[in-house]
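Right, one structure below, let's go through it.
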Amino acid sequence: MSLSVTMRLFVLFFTAMIPSLLLGQSDWSRWRGPEGNGIAESQKPPIQWSTDNNVIWKVMVPGRGHASPIVVGDLIFLATADESKQSQSVVCFNRGSGKQIWQTEISNGGFNPKIHRKNTHASSTVATDGKHVFAVFSHHGGVHIAALDFNGAETWKKKVGDYQSSYPFGYGASPIVFGESVIVTNENNADAAVVAFDVKTGDQLWKINRIENSSYSTPVVTNVAGRDQLLLSGGQKVTSYDPANGKPLWTAKANWGVTCGTMVWDGGMVFASGGFPNGQTLGIDAQTGEKVWDNSAKVYEQSMLAVDGYVFAHADNGVIYCWRASDGQEMWKQKFSNLRVAVSASPVLANGNLYFTAENGETAVVKATHEGYQEVGRNLLGDEAFASQAFCGNRIFARVGDSSRGSRQEWLFCLGEK
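Under my numbering, the residue at position 235 of the sequence shown is numbered 223, and the numbers go up by one with no gaps.
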């Protein structure tokens, strides 16, 4: 083989590897970060901030949404919706300055006639494979996915399925990327399914029929118990699938019908919580699917966090818990506030600290230890926080709402040590 041919093959190989190189631990490329578990590796973000302290920049966000930002290289992507125009779009910002670069409308009209008062028409966090941005919205009686390039141009669009929920809550699950596929859930009465699409063409790769199951959880793919598993809760069960083809691996029964949180894992265990009509948190053997422990804690809209043998959760009752992962033993619990403050955002772990954010815009920074509750920071930003924070490059990217001047405005903050 000639040197020139060898070099061309090397260039082709290197080019094909660019997406995976781009999506390293330094990027926050999807819902709950690089691994989908809310853990920010090697990050040293601030533990103290306010509207005028440790703010690198802030920028107005057009419209409204609960979708979290994702960060890839020099770009930030965010889903949003304009309720007055019934418009759903993706916005791109410059990571260094916060300046808006482009906004691409995905859909116009056809909003769900009724959604939960806490939900929005842009609650799904976008995902990327390093070349495309994948956005999922519910409109015109269905769930739809669109792929954009990094310049905001649409490359393909597909309907995931019809959408008709038992409860008029609206849609909120986020897409995830696994290999050459982007996976979307459509848990509802009309066309309940989990569907995988080819990232380049939008062609359907596989489909899991979920049989009239109304739920709102985003799935996650991880390698646990020696194999890749796609983990998803909802419909009175926790289920593991093979993410390569959608075939079931195991199922565990649960007391709830509806869940919203994304599952987490540690060692050979996986953990899920819900929901409606009953509250229950489960610890499950990831090899067999057998329930190891459970309790009655309700961690409904928000997800949990599992690390180093312990599970941390900010439950609906306003209490932060630490449980031992192996057997569910309660290590400690602490009220987030003396007031009853609701929670929707999911926690993040960075530099040995847990960041718990409540709906009132308040974030408690707590040591990730089983040896008692140790708070190291307490911060307030805006007066409404539903979106989970993104952590990247030792900075925090937070989407918050602020009604202090009479009319509500959403902001995207970049927080970091100056």
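Ideal Cβ placement from N, Cα and C applies to all residues, glycine included.
Residue environment, residue i, which counts as buried when at least 16 other CB atoms sit within 10 Å
i	result
E93	exposed
V79	buried
V60	buried
G130	buried
G267	buried
I199	exposed
P57	buried
L0	The predicted position of L0 is uncertain, since its pLDDT is 35 and thus under 50; a value taken from the coordinates is nonetheless stated next. Answer is exposed; the Cβ neighbour count stays below 16.
K87	exposed
S8	A caution first: S8 carries a pLDDT of 39, below 50, which makes its placement in the model unreliable, though a value can still be read off. Its Cβ having fewer than 16 others within 10 Å, S8 is exposed.
R393	exposed
P231	buried
D254	buried
V172	buried
T210	buried
G340	exposed
L66	buried
Q76	buried
Separation of residue j from residue i, as counted between CA atoms
i	j	result
S332	I196	28 Å
V208	V47	30 Å
A274	G256	6 Å
L369	A69	22 Å
M261	A285	In the sequence under discussion, the amino acid at residue 261 is Ser, which differs from the Met named in the question. Whole-angstrom Cα-Cα distance: 8 Å.
K128	V353	The sequence given here places His at residue 128; Lys does not occur at that position. For H128 and V353, the distance between alpha carbons rounds to 41 Å.
T116	H54	18 Å
E347	W194	37 Å
A180	W37	42 Å
N233	K146	19 Å
C402	E350	16 Å
T247	L220	9 Å
N201	K406	48 Å
Q224	P265	10 Å
A313	N42	35 Å
A317	W90	Looking at the sequence provided, one finds Gln at residue 317 rather than Ala. Cα-Cα distance, rounded: 49 Å.
D150	G365	45 Å
R396	G51	10 Å
Residue i versus the options, residue with shortest Cα-Cα distance
i	options	result
A421	Q192, E278, Q362 and Q224	Since the first and last residues shown for the chain are -11 and 406, residue 421 lies out of range.
N367	E71, Y343 and H104	Y343
T250	G24, D15, S17 and R18	G24
R34	A55, T116, V187 and F385	Residue 34 is actually Pro in this sequence, not Arg. Among A55, T116, V187 and F385, the Cα nearest to that of P34 is on F385.
A373	Q290, V280 and W320	Q290
W311	I133, A274 and F259	F259
V329	A242, T143, G306 and L63	G306
H302	A110, E350 and V287	V287
L63	K147, Y204, V114 and F324	V114
T108	L293, G21, E398 and N339	E398
R387	V49, N41, D40 and R20	V49
K106	N139, Y159 and D137	Y159
D137	T189, Y309, S112 and F99	T189
A294	G21, V252, D371 and S325	V252
G245	L237, E168, V170 and V226	V226
W19	W37, D40 and F166	F166
Q74	G98, I308, W45 and A240	G98
K32	N382, L327 and G389	N382
M319	S85, S325, I308 and T39	I308
S17	A135, G118, N176 and N177	G118
Interface flag, residue i vs chain B, CB-CB below 7 Å
i	result
N382	Going by chain labels, chain B is absent from the structure shown, which holds only one protein chain.
* Any contact of the region 25 to 34 with the region 116 to 125, i.e. 3+ C-beta pairs under 8 Å? -> no
* Segment contact, 8 Å Cβ cut-off, at least three pairs: the region 370 to 384 with the region 329 to 349 -> yes
* Asked: Would you call the region 293 to 308 and the region 350 to 358 in contact, with 3 or more CB pairs under 8 Å?
  -> yes
* Asked: Can you find at least 3 beta carbon pairs, one from the region 151 to 161 and one from the region 184 to 195, that sit closer than 8 Å?
  -> no
* Output the residue ranges of the beta strand (DSSP E) runs that lie fully inside the region 191 to 258 and measure 3 residues or longer, sorted by chain position. => 192 to 197, 208 to 212, 215 to 221, 225 to 229, 236 to 241 and 252 to 254
* To do: Kindly provide the ranges of any beta strand (DSSP E) runs that are 3 or more residues long and lie completely inside the region 119 to 180, ordered along the chain.
  => 120 to 127, 130 to 137, 142 to 150, 164 to 166 and 169 to 174
* Those runs of the beta strand (DSSP E) which lie wholly inside the region 271 to 345 and span at least 3 residues -> 279 to 283, 293 to 295, 298 to 302, 307 to 312, 318 to 323, 336 to 338 and 341 to 345
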